[in-house]
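Comments concern the structure below.
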Amino acid sequence: MKKSILSLFMLCSSFQVNGDLTCRMLEKFGTTGLFKDGQLLIGGVFPVFTKEENVYVSFETRPQQAKCVGFDLRAFRWTQAMIFTIEEINKDNSLLPNITLGYRVLDNCASPTLTVRAALAILNGLEASNSTCSSSTPAVVTSDSLYISRVVGPFGIPLVSYTSTCTCLSNKKEFPTFSRTIPSD
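Throughout the sequence shown, residue numbering follows mature numbering (1 follows the signal peptide of the UniProt record, and there is no 0), covering -19 to -1, 1 to 166 in sequence.
Structure below.
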């Protein structure tokens, strides 16, 4: 027991604390996306491209940027519907007075790995285009609910799915922030 505590202490003390506590982007997500800044950001993860190509992970080097192929017009329309809805809400001052919604829409190439990376990128909240760290993510919209719910759930961020019908997602103890726009199976 003492040996494991000592090992943990040595591991923790070996990390250097960087004195720079400014909020900055460490790296780009590395896939197609759309961004508009706002006081509240709504994240969207859609399979606009249907396949991730040439995926090789050796765990010895940093993975290469994903190359996605196979355009899905239906998923593209979903992204456009989300953006249109946010812009319409922003135009009507009676809906959310003094609040501007923004969005960050990312393509997951129908890949579970890219889905989780997209969720983490949305939670990170930064975009390369002069964004600040003040925006928060009030909700994530996606079809890959099982993957993303485990990422956003611990942060209390609502997850809205437009295609997930699995009854397993109805368990509010396991998925407390999950909502769907269609009935379950």
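Cβ atoms here follow ideal geometry from the backbone N, Cα and C, with glycine treated the same way.
Check	Outcome
Counted within 10 angstroms of its Cβ, other Cβ atoms place residue 89 as buried (16 or more) or exposed	buried
Residue 31 (DSSP reduced to helix, strand or coil)	strand
For residue 38, the nearest candidate out of 94, 166 and 163 (CA to CA)	94
First through last residue of the beta strand (DSSP E) which encompasses residue 54	Residue 54 -> not in any beta strand (DSSP E); alpha helix (DSSP H) instead, spanning 54 to 72.
CB-CB length for residue 67 against residue 23, believed under 8 Å	6 Å
DSSP state of residue 26 mapped onto helix, strand, coil	strand
Burial state of residue 30 (16 or more Cβ within 10 Å)	buried
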